[in-house]
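Student: My structure is below; once you've seen it, I'll send some questions.
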Amino acid sequence: HQAGLHIPAQESSELPNFEHVFCDIGDEQSIEQSLSTFSAHMTNIVSILQHCTPNSLVLMDELGAGTDPSEGAALGMAVLEHLDKMAASTVATTHYSELKVFAYTRPGVENASVEFDPITLSPTYRLIIGLPGRSNAFDIAARLGLPESIVEQARSFMSHTDVQTDDLIRSLEEKRQHLEQLIVDANNAKKEAEKIRSEWQEHQQALMVKEETMIRRAKEDAITTVNYARREAERIIKELRSETSRLLEKDRTLAADK
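Counting along the sequence shown from 1, when you hit position 61 you're at 63 in my numbering, and nothing is skipped either side.
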């Protein structure tokens, strides 16, 4: 966009121009510098926070990964909150349930996910705004051949909170799919109703045209009948006058003969 290239978006879409674009993506662990995955990520994030401005775009992959999940999630929430207070535009990916919950409870932070088909084990490339994604780890592991007993054992090791979060996300996903289907059905019903309405309007218009034609013809027939009756009346009156004149003339002739 900033290089003047076309973007895959709807017409009249608007995008901002950023002063800086900061990225923390990939695994930058280094034996030479004695940096673990977590240390490498933290080094990048520290640098980003030092140079970030309100008009910056920050991209972070697997925020808080590479360390204890609880501590990593807490650090991730703190970093996101700091960037939010700075008003920097931020996109962060995560598998941490804590960060997904954080996005629900924090104004200015929004969940999003790329839709995943657990049956085909492939993404659909549909971006869903407002709904966090599920890791689908158990489904994928089972599909790839991990024994069901191990998968079920893994499920049993999940904490009650994690299970609740996963169930919540699953429920939201099912409701979203149901809502999308309802929208599709509603749109189809709307199209059908519009079709019926259009047909009814056409039928009504045809009836109005037919009615107007019948009224016009009735008026024309009435005028024709009246004109015919007028002509007949005039003819009869004319004949009566002629006959009256003939009779009067005959009477005068008889009177003259007498």
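For every residue, glycine included, the Cβ atom is placed at its ideal position computed from N, Cα and C.
In this text, all values refer to a predicted model and were calculated from it rather than measured experimentally.
1. For I130, list the residues DSSP reports as bridge partners.
2. Does the separation of the CB atoms of M62 and V93 fall below 9 Å?
3. Label T122 either buried or exposed according to how many other C-beta atoms from any shown protein chain fall within 10 Å of its C-beta, with 16 as the threshold for buried.
4. Going by DSSP, what residues sit across from E91 in a beta bridge?
5. When DSSP builds the beta bridges, which residues end up paired with C25?
6. From R248 to T226, what distance separates their C-alpha atoms?
7. Measuring only the C-alpha atoms, how far is E16 from N57?
8. So is C54 buried or exposed if we call it buried at 16+ other beta carbons inside 10 Å?
9. Inspect the beta-carbon positions of I338 and A139 and report whether they are closer than 9 Å.
10. What separation, rounded to the nearest whole angstrom, lies between the Cα atoms of I9 and P149?
11. D86: which of F104, W202, H97 and P71 sits nearest, CA to CA?
12. Verify whether the separation of the beta carbon atoms of V111 and T126 is less than 9 Å.
13. Measure the Cβ-Cβ separation of G68 and F24 and say whether it is below 9 Å.
14. Taking the straight line between their C-alpha atoms, what separation do you get for H97 and A188?
15. Can you tell me where the alpha helix (DSSP H) holding Y98 begins and where it ends?
16. Output the boundary residues of the alpha helix (DSSP H) element that contains F159.
17. Can you give me the C-alpha to C-alpha distance between I238 and N229, rounded to a whole angstrom?
18. Tell me the rounded alpha-carbon separation between E73 and G66.
19. Rounded to the nearest angstrom, how far is the Cβ of L51 from that of H84, given a contact under 8 Å?
20. Under the three-state reduction of DSSP, which class applies to S124: helix, strand or coil?
21. Between A114 and S99, is the Cβ-Cβ spacing less than 9 Å?
22. At what residues does the alpha helix (DSSP H) containing L7 begin and finish?
23. Count the other CB atoms, across all protein chains shown, that sit within 10 Å of the CB of F159; report buried if there are 16 or more and exposed otherwise.
Tutor: Reading it off the structure:
1. S115
2. yes
3. exposed
4. Here residue 91 turns out to be Ser, not Glu, going by the sequence shown. Answer by DSSP bridge pairing, in chain order: L59.
5. L61
6. 32 Å
7. 16 Å
8. buried
9. The structure shown does not extend to residue 338, since the chain is modelled only from 3 through 260, so no value can be given for it.
10. 44 Å
11. F104
12. no
13. no
14. 35 Å
15. No alpha helix (DSSP H) holds Y98; DSSP gives it neither H nor E.
16. E150 to F159
17. 14 Å
18. 8 Å
19. 7 Å
20. strand
21. no
22. Run containing L7: none; DSSP gives neither H nor E here.
23. exposed
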